[in-house]
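Visitor: Before anything else, here's the structure in question.
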Amino acid sequence: MRRGKHESIQVRRVMITTASASGTPVSPIARTVAADEDTVRDVIRAFNEQGLTCLDPKRAEAVPA
């Protein structure tokens, strides 16, 4: 099993959702994970709608929005 891209995406999403749950605003989260603020908002929104499923890059793509 190859690791790399999908694993790093998953780690990044976990960091975003954890920081958001602890009350950190979007802008500092985006700087911490080196992502665009819209990307951070998308991950948070997906987590609120899909739960833990959104953390898995393969499954999140298969789930209709």
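So the sequence shown is numbered by my numbering: it starts at 181 and just counts up by one. For every residue, glycine included, the Cβ atom is placed at its ideal position computed from N, Cα and C. Just so you know, these numbers come straight off a predicted model, no measurement behind them.
#1: Measuring only the C-alpha atoms, how far is V243 from V191?
#2: Just to confirm, are I189 and P237 a CB contact at a threshold of 7 Å?
#3: Identify whether T219 lies in helix, strand or coil by the three-state DSSP scheme.
#4: Out of I224, L232 and L235, state which residue places its alpha-carbon closest to the alpha-carbon of T204.
#5: Can you list, in chain order, the stretches of the beta strand (DSSP E) that have 3 or more residues and sit fully within the segment 184-218?
Guide: According to the data block:
#1: Residue numbering aside, residue 243 sits at position 63 when the sequence shown is read from its first letter. Residue numbering aside, residue 191 sits at position 11 when the sequence shown is read from its first letter. Residue confidence is low: V243 scores 46 on pLDDT, short of 50, so the model does not pin down where it sits. No coordinate-derived value is stated.
#2: Sequence index remark: in the sequence shown, residue 189 carries index 9 (1-based). Sequence index remark: in the sequence shown, residue 237 carries index 57 (1-based). In this structure, P237 lies closer than 7 Å to I189 by Cβ.
#3: Taking the first residue of the sequence shown as position 1, residue 219 is located at position 39. Here T219 sits in helix by DSSP.
#4: Start at 1 with the first residue of the sequence shown, and residue 204 comes out as number 24. For T204, the nearest C-alpha among the options comes from I224.
#5: none
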